[in-house]
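K.L.:
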Amino acid sequence: MTSFSGKAISWELKDGVLELALHREPCNELGTESLAEFEQLVAALPSLEQHAHALIIYSRLNSGFSAGADLRETYHRTQNLDRAAAAASIRESLERTHHVMNTLDATPLTTIAAVHGITFGGGLELALTCDIIIADKTARFCFPELRLGLIPGFGGIPRLKRDLGNAVVRDLLLTGRSFNVTKAQQIGLVSQVVAEGQALRVARATAAQMAKFDRRTAAAAKKFIKPIPYDELRREIEIFCDLFTHPAVNQGLKKFVESTDALPYLP
Amino acid sequence: MRTQQQTVDEILDLAAAQFKVPRESLSPEDDFFKKLGIDSLQALSLLTRLEQHFNVELPDYELQGVSDFRTLAERIQARL
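Those sequence lines, one after another, are chains G and E. Numbered per the working numbering, the first sequence spans residues 1 to 267. Numbered per the working numbering, the second sequence spans residues 268 to 347.
Written out as C-alpha cells, the structure reads:
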C-alpha cells in the first residue's frame with residue numbers, strides 16, 4: 001500500500017519520500033481514531049521502507065502541527081471507570097501509542113517533522129520521534145502535562161533527555177511554558193527555522209538531498225547516533241499510569257473539558 | 268528604548284494586521300479576546316508574533332489573567 005487516506009492521517013509514497021499528513025480538526029488531537037490509523041502506517045512501514053529513503057510528517061491544518069493527546073476523549077473514556085479500570089484503559093492506549101512512536105523513532109528512514117503553529121504535548125512528542133525538526137516561524141512548542149497533574153506520556157521525557165540538555169528539559173517540563181521557534185532552535189530542538197508556510201517545502205528539499213546518500217550508510221549512521229531509550233520509555237508508562245489514578249488528574253481533565261474559558265490550552 | 272506608549276502602539280498595529288481588524292477600532296484598554304474575537308490558540312499565535320517583533324521571550328504563565336492590550340504591553344516592556 002503506497003498510499004492511504006484516513007480520517008485523521010493520510011500518507012503517500014512518492015519518489016522515495018513517504019509523506020505523512022495530519023488532518024484531524026481542530027488541531028490534530030491524537031485520539032483513538034488517529035492511533036488506529038497510525039497503527040496501519042506502522043504495519044505498512046516495513047514494506048514502505050523498501051522503496052523509500054525519507055519520511056516527512058506534516059500537518060495540513062492551519063492551526064498547527066498537533067495540539068497533542070485528545071484530552072476530551074480521554075476524559076469521557078475514563079470518567080465512569082473506577083481507578084483501576086481507568087488506569088488499565090490508559091495503559092492499553094499508552095502501550096499501543098509507544099509502539100507507534102518507537103517504530104517511527106527507530107525506522108531506518110531519515111525522518112523529518114515539518115511543523116508550524118501549535119506543537120504541544122503529544123504533538124511535540126510525535127515530532128521528537130523524528131531525526132530532524134524543521135519549523136516555520138509560527139511554530140510554538142509546549143509540554144503542558146504538569147498543568148493537568150500528569151507527565152508527557154507518549155515518550156516525550158526520554159526523547160527530550162536524549163536530545164537536549166537536562167536543565168532545558170527541566171525548564172520545559174516543570175514550568176509547562178510554551179516557547180517559540182527562536183527558543184526551540186537555541187536549545188537544539190529545531191534544526192532549521194523557515195518563513196511562515198515554508199516548512200514542508202524545505203523538508204522536501206532536505207529529503208531530496210538525502211536521496212543522494214547510500215541508504216544502508218544513512219540507516220547505519222542513524223542507528224549509531226540515535227539510541228532508543230527503551231528502559232526509560234517503559235518507566236514513563238509506569239509513572240504516567242500511577243499519576244493518572246490520582247483524583248487531581250480527573251479534576252484537571254474535567255476542568256479542561258468543561259472550560260468555557262478563552263484559554264483552555266493554558267489550564 | 269521604547270516607551271510604554273510605543274510598545275502599546277506596536278502591539279495594536281500587530282494585532283490589527285494579524286487579525287485583519289481596523290487599527291483605529293482598537294484601544295489599549297480593550298479586552299483582546301473579545302475585541303479580536305480570538306480563542307486561546309490564536310492568542311498564542313499573537314504571542315509568538317509579539318515575541319518575534321520585540322525580540323523577547325514571554326512565558327505564557329505571565330499572561331494568565333491578562334486580557335487587555337495595556338497590561339500585555341507592561342509585561343512585554345518589563346522584558347525589553
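Where a beta carbon is used, it is the ideal one built from N, C-alpha and C, also for glycine. These numbers come from a predicted model, not from an experiment.
Three Cβ pairs or more, each shorter than 8 Å: is that satisfied between the stretch 125 to 140 of chain G and the stretch 103 to 111 of chain G?
P.N.:
Counting Cβ pairs under 8 Å, three or more are found: they touch.
K.L.:
On a CA-only basis, which of G:140, G:99 and G:207 is nearest residue 154 of chain G? Give me that one, please.
P.N.:
Nearest C-alpha to residue 154 of chain G: G:99.
K.L.:
So does the stretch 60 to 68 of chain G actually touch the stretch 85 to 95 of chain G, counting three or more Cβ pairs closer than 8 Å?
P.N.:
Contact fails: fewer than three Cβ-Cβ distances are below 8 Å.
K.L.:
Step through the CB atoms of chain G and report whether any lies within less than 8 Å of the CB of residue 308 of chain E.
P.N.:
Yes, residue 308 of chain E lies at the interface with chain G (some Cβ there is under 8 Å from its Cβ).
K.L.:
According to DSSP, is residue 143 of chain G helix, strand or coil?
P.N.:
In the structure shown, residue 143 of chain G sits in coil (DSSP, three-state: anything other than H, G, I, E or B).
K.L.:
Apply the 10 Å Cβ neighbour rule to residue 197 of chain G and answer buried if 16 or more other Cβ atoms are within range, or exposed otherwise.
P.N.:
By the neighbour-count rule (16 or more Cβ atoms within 10 Å), residue 197 of chain G is not buried but exposed.
K.L.:
Rounded to the nearest angstrom, how far is the Cβ of residue 8 of chain G from that of residue 34 of chain G, given a contact under 8 Å?
P.N.:
About 4 Å separates the two Cβ atoms, so the contact holds.
K.L.:
Is the stretch 243 to 258 of chain G touching the stretch 307 to 318 of chain E, taking contact as three or more C-beta pairs under 8 Å?
P.N.:
Contact between the stretch 243 to 258 of chain G and the stretch 307 to 318 of chain E is absent, because fewer than three Cβ pairs lie under 8 Å.
K.L.:
Please tell me whether residue 325 of chain E and residue 305 of chain E are closer than 8 Å, where the distance is taken between their beta carbons.
P.N.:
Not closer than 8 Å, so no.
K.L.:
Helix, strand or coil for residue 280 of chain E per DSSP?
P.N.:
DSSP places residue 280 of chain E in helix when its eight states are reduced to three.
K.L.:
What number of angstroms, rounded off, separates the C-alpha of residue 117 of chain G from the C-alpha of residue 257 of chain G?
P.N.:
Straight-line Cα distance between these residues: approximately 22 Å.
K.L.:
Going by the CB atoms, is the gap between residue 52 of chain G and residue 13 of chain G shorter than 8 Å?
P.N.:
The answer is yes: Cβ separation under 8 Å.
K.L.:
In whole angstroms, give me the CA-to-CA distance for residue 267 of chain G and residue 252 of chain G.
P.N.:
In this predicted model, residue 267 of chain G has a pLDDT of only 44, less than 50, meaning its place in the structure is not dependable enough to derive any value.
K.L.:
Mind checking who residue 335 of chain E pairs with in its DSSP beta bridge?
P.N.:
Looking at the DSSP assignment, residue 335 of chain E forms a beta bridge with E:298.
K.L.:
Please confirm whether residue 24 of chain G has its beta-carbon closer than 8 Å to some beta-carbon of chain E.
P.N.:
Closer than 8 Å: no.
K.L.:
Which runs of the alpha helix (DSSP H), 4 residues or longer, sit entirely within the stretch 147 to 214 of chain G?
P.N.:
Fully enclosed alpha helix (DSSP H) runs of 4 or longer: 156 to 163, 166 to 175, 181 to 186 and 199 to 210.
K.L.:
Quick one, which residues of the stretch 127 to 145 of chain G are near chain E if we go by CB-CB under 9 Å, in chain order?
P.N.:
Listed by position, the residues of the stretch 127 to 145 of chain G near chain E (Cβ gap below 9 Å) are 137, 138, 139, 140 and 142.
K.L.:
Could you please give the first and the last residue of the uninterrupted beta strand (DSSP E) stretch that includes residue 287 of chain E?
P.N.:
Taken as a continuous stretch (DSSP letters only), residue 287 of chain E belongs to no beta strand (DSSP E), as it is neither H nor E.
K.L.:
With DSSP as the reference, identify every bridge partner of residue 4 of chain G, one or two as the case may be.
P.N.:
According to DSSP, residue 4 of chain G bridges with G:11.
K.L.:
Taking DSSP as the reference, what is the three-state secondary structure of residue 232 of chain G?
P.N.:
Correct three-state label for residue 232 of chain G: helix.
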